[in-house]
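S.K.: Sending over a structure as structure tokens; questions will come in a sec.
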Amino acid sequence: MDIVFLGVNDVGFRIYEWLCERDGVDVLALVTEKDQLGLIHDLTPDLLVSVGYNYLVPESVLDVPTRGAINLHPSYLPYNAGKSPNVWSLVEGTPAGATLHYMNDSFDEGEIIERKRVDTSFEDTGKDVHRRLEAAQFEMFREVWPAIEDGEVETKKQDLEQGTYHTTQDFVNLCKIDTDETVRVEDFLNQLRALTFPPFDNAFVEIDGKRYYIDIEIRRADDGDCADSPSDGLIESY
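If you want my numbering, it's the 1-based position in the sequence shown plus 413.
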């Protein structure tokens, strides 16, 4: 099977290397920029594989491969299409996971080939979920690939009315903490842990003309530590 690979992010590079090592698979090109899409018309591959490609692929290009184009997205579609799905699953309490789907002329709206749910907990940060999603994507792609090779996949249409979509600007807006806003404590903690992704500075407040970045760590108490009184380790002052 002749493939053109579109991408590539960290998990995409792992899949790219994995495909290059497969018998019966010939990866004709690695496309990372928008102005390289014209190569697909010249190469006429059987399949396009997209992992971490940042541009919308036009229908004229999607029509070239005889076996279609597939995209691996780090969310449990139709939830959290678009950017930063690891963040929004924590902020909005939506399912986290990975989805392999056929591509159409809209971002992350094509028919689903396979989905894999990823569990999250109140201790998780955006970085924790990101790592878990990377592992889930790689594992799921390898599991589904034989069916794709054999042309035996069954697809499911997305319920787009149920889904959510976020842009880069949504993420930028989320990072600035409004100190005058009234919010539920749980929602505020969810926002901070979703934006915690060291070494990157995401959540911030601006006070007296100065910017302060915020990370958060939430640790689950050991069994038996949930007493009514404070920890014995606290220092009392008189």
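Cβ atoms here follow ideal geometry from the backbone N, Cα and C, with glycine treated the same way. Keep in mind the model is a prediction, meaning the values are calculated, not measured.
Taking only the alpha-carbon atoms, compute the straight-line gap between Ala616 and Tyr578 and give it to the nearest angstrom.
M.R.: Locating residue 616 in the sequence shown gives position 203, counting from the first residue. Locating residue 578 in the sequence shown gives position 165, counting from the first residue. One C-alpha to the other measures close to 21 angstroms.
S.K.: Just list the alpha helix (DSSP H) runs in the stretch 494-522, keeping only unbroken ones of 4 residues or longer that don't cross its boundaries, in chain order.
M.R.: 498-505
S.K.: On the three-state DSSP scale, how would you describe Glu434?
M.R.: Residue numbering aside, residue 434 sits at position 21 when the sequence shown is read from its first letter. Reduced to three states, the DSSP call for Glu434 is coil.
S.K.: Determine the direct distance from the alpha carbon of Val500 to that of Lys447, and round the result to whole angstroms.
M.R.: Residue mapping note: residue 447 aligns to position 34 of the sequence shown, counting from 1. Residue mapping note: residue 500 aligns to position 87 of the sequence shown, counting from 1. Distance between the alpha carbons of Lys447 and Val500: 26 angstroms.
S.K.: Would you decide whether Lys569 is buried or exposed? Buried here means 16 or more other CB atoms lie within 10 Å of its CB.
M.R.: Counting from 1 along the sequence shown, the entry for residue 569 is found at position 156. By the 10 Å Cβ count, Lys569 comes out exposed.
S.K.: If you follow the beta strand (DSSP E) that Asp634 is part of, which residue opens it and which one closes it?
M.R.: Counting from 1 along the sequence shown, the entry for residue 634 is found at position 221. Strictly speaking, residue 634 in this sequence is Ala, with Asp absent from that position. Run containing Ala634: none; DSSP gives neither H nor E here.
S.K.: Leaving aside the five residues before and after Lys529 along the sequence, list all residues of the same chain whose C-beta is less than 7 angstroms from its C-beta, in chain order.
M.R.: Residue numbering aside, residue 529 sits at position 116 when the sequence shown is read from its first letter. Result list for Lys529: Gly510, Ala511, Ala549, Met553, in chain order.
S.K.: Mapping DSSP to helix, strand and coil, what is Arg545?
M.R.: The residue you call residue 545 lines up with position 132 of the sequence shown. Arg545 falls in the helix class under three-state DSSP.
S.K.: Rounded to a whole number of angstroms, what is the C-alpha to C-alpha distance between Tyr466 and Asp636?
M.R.: The residue you call residue 466 lines up with position 53 of the sequence shown. The residue you call residue 636 lines up with position 223 of the sequence shown. Tyr466 and Asp636: Cα-Cα distance of roughly 44 angstroms.
S.K.: Let me check understanding here. Comparing Cα to Cα, which of Val504, Leu443, Val618 lies closest to Thr592?
M.R.: Within the sequence shown, the letter at position 179 stands for residue 592. The option with the nearest alpha carbon to Thr592 is Val618.
S.K.: Give me the residue from Ile631, Glu522, Gln604 with the minimum Cα distance to Glu536.
M.R.: Numbered from its first residue, the sequence shown carries residue 536 at position 123. Nearest in C-alpha terms to Glu536, of all of Ile631, Glu522, Gln604, is Ile631.
S.K.: Assign Pro471 to buried or exposed, taking buried as 16 or more other Cβ atoms, counted over all protein chains shown, within 10 Å of its Cβ.
M.R.: In the sequence shown, residue 471 corresponds to position 58, counting from 1. In summary, Pro471 is exposed, with fewer than 16 beta-carbon neighbours lying within 10 Å of its beta-carbon over all protein chains present.
S.K.: Grab me the residues of Ser488's own chain with a C-beta within less than 6 angstroms of its C-beta, minus the 5 sequence neighbours each way, in chain order.
M.R.: Counting from 1 along the sequence shown, the entry for residue 488 is found at position 75. Pro498.
S.K.: Cβ atoms of Val474 and Leu450: under 9 angstroms apart, would you say?
M.R.: Locating residue 450 in the sequence shown gives position 37, where the first residue counts as 1. Locating residue 474 in the sequence shown gives position 61, where the first residue counts as 1. A contact, by the Cβ cut-off of 9 angstroms.
S.K.: From this set, Asp455, Glu430, Leu461, Ile416, which residue's C-alpha is nearest Asp439's C-alpha?
M.R.: For this step, residue 439 is matched to residue 26 along the sequence shown. Ranking Asp455, Glu430, Leu461, Ile416 by Cα distance to Asp439 puts Ile416 first.
S.K.: Does the separation of the CB atoms of Leu485 and Gly539 fall below 9 angstroms?
M.R.: By one-based count along the sequence shown, residue 485 stands at place 72. By one-based count along the sequence shown, residue 539 stands at place 126. No, they are not a contact pair.
S.K.: For the alpha helix (DSSP H) that Ser473 lies in, which residues bound it at each end?
M.R.: Here residue 473 refers to the residue found at position 60 when the sequence shown is read from its first residue. Per DSSP, Ser473 belongs to the alpha helix (DSSP H) from 472-475.
S.K.: Quick test of your reading: Gly576 and Ala494, contact by CB under 8 angstroms. State the CB separation rounded to the nearest angstrom.
M.R.: The count along the sequence shown starts at 1 and reaches residue 576 at position 163. The count along the sequence shown starts at 1 and reaches residue 494 at position 81. About 6 angstroms; that satisfies the 8 angstroms criterion.
S.K.: Out of Tyr626, Leu490, Glu505, point me to the one whose CA is closest to His604's CA.
M.R.: Position 191 of the sequence shown, counted from the first residue, corresponds to residue 604. Checking the displayed sequence, the identity of residue 604 turns out to be Gln instead of His. The shortest Cα separation from Gln604 among Tyr626, Leu490, Glu505 belongs to Glu505.
S.K.: Going by the CB atoms, is the gap between Arg480 and Leu456 shorter than 9 angstroms?
M.R.: Position 43 of the sequence shown, counting from 1, holds the residue named residue 456. Position 67 of the sequence shown, counting from 1, holds the residue named residue 480. No, Cβ-Cβ distance for Leu456 and Arg480 is not below 9 angstroms.
S.K.: Please list the terminal residues of the continuous alpha helix (DSSP H) segment that includes Val585.
M.R.: The residue given as residue 585 occupies position 172 in the sequence shown. Segment 581-588, the alpha helix (DSSP H) holding Val585.
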